[in-house]
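Student: Residue numbers (this note's numbering): 9 to 72.
Glycine is no exception: its CB is placed at the ideal position from the N, C-alpha and C atoms.
Dropping the structure in here first, questions after.
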C-alpha cells in the first residue's frame, strides 16, 4: 500500500456522514446486494421498502 493511499484511508476515518448520507449508503448497499442476486430488483423497490420500514418503526415507537 502506498503512503498516499494510507493517508487517504486515514483521512476518511475522520469524516462524519450525515443521517441522510448514511441512509443513502444503506439503500445503495441493499440495492447492490439484492440486485446482484435478482436483476428484477430496482432502486425504487428498495426506496419503497425503506420508507415502509421507517413508517413501521415510527408507528412502533408511538405505541411503546
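Could you say if the stretch 37 to 46 and the stretch 18 to 27 meet the contact criterion of at least three C-beta pairs nearer than 8 Å?
Tutor: No, they do not touch.
Student: Where residue 34 and residue 60 are concerned, what is the direct C-alpha to C-alpha distance, given to the nearest angstrom?
Tutor: Position 26 of the chain shown, counted from the first residue, corresponds to residue 34. Position 52 of the chain shown, counted from the first residue, corresponds to residue 60. Their Cα atoms are separated by approximately 15 Å.
Student: Take the Cβ of residue 54 as the centre, count every other Cβ of all protein chains shown within 10 Å, and call the residue buried at 16 or more, exposed below.
Tutor: Counting from one through the chain shown, the residue named residue 54 turns up at place 46. Per the 10 Å Cβ criterion, buried.
Student: In three-state terms, what does DSSP make of residue 41?
Tutor: Counting from one through the chain shown, the residue named residue 41 turns up at place 33. Three-state DSSP puts residue 41 in a helix.
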